[in-house]
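K.L.:
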Amino acid sequence: MNKTESKWLHNFVTAILSLETEEECENFFEDICTIKEFQDLTHRLEVARLLSEGKVFNEISKLTGASSATITRVNKCLVYGAGGYKTVLEKNGNFADGEVTEER
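Each residue of the sequence shown is one higher than the one before, starting from -19 at the first, in the working numbering.
1) Do residue 21 and residue 9 count as a contact pair if the criterion is CB distance below 9 Å?
2) From what residue to what residue does the alpha helix (DSSP H) around residue 36 run?
3) How long is the line joining the alpha carbons of residue -19 and residue 66, rounded to whole angstroms?
4) If you measure between the beta carbons of residue 39 and residue 30, is that distance less than 9 Å?
5) Express the C-alpha separation of residue 6 and residue -9 in angstroms, rounding to a whole number.
6) Helix, strand or coil for residue -2 per DSSP?
Below, the structure written as structure tokens:
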């Protein structure tokens, strides 16, 4: 990442950290992402949650509609990544109250 991109990343992260409510955060991501990008982000977090609960790929695909490529990528991040998914899941109690239902 070059110096300019590094500054952009810093600004992006700072912007996210400045948001104070769930509504502000949803509004920001709704504006900055396409509907598909927003859905992809939320699906990846749900895949990470299900993987951390020990769910298998076929079950996750059925519950979320995620492709095997997406599930594999998220799993790789959980095992070898920077720890972002794990941090979010731990800080939010693995979203324990999140009931999973079939979406697709």
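Glycine is no exception: its CB is placed at the ideal position from the N, C-alpha and C atoms.
P.N.:
Here's the rundown:
1) yes
2) Segment: none, residue 36 is in no alpha helix (DSSP H) and carries neither H nor E.
3) 24 Å
4) yes
5) 18 Å
6) helix
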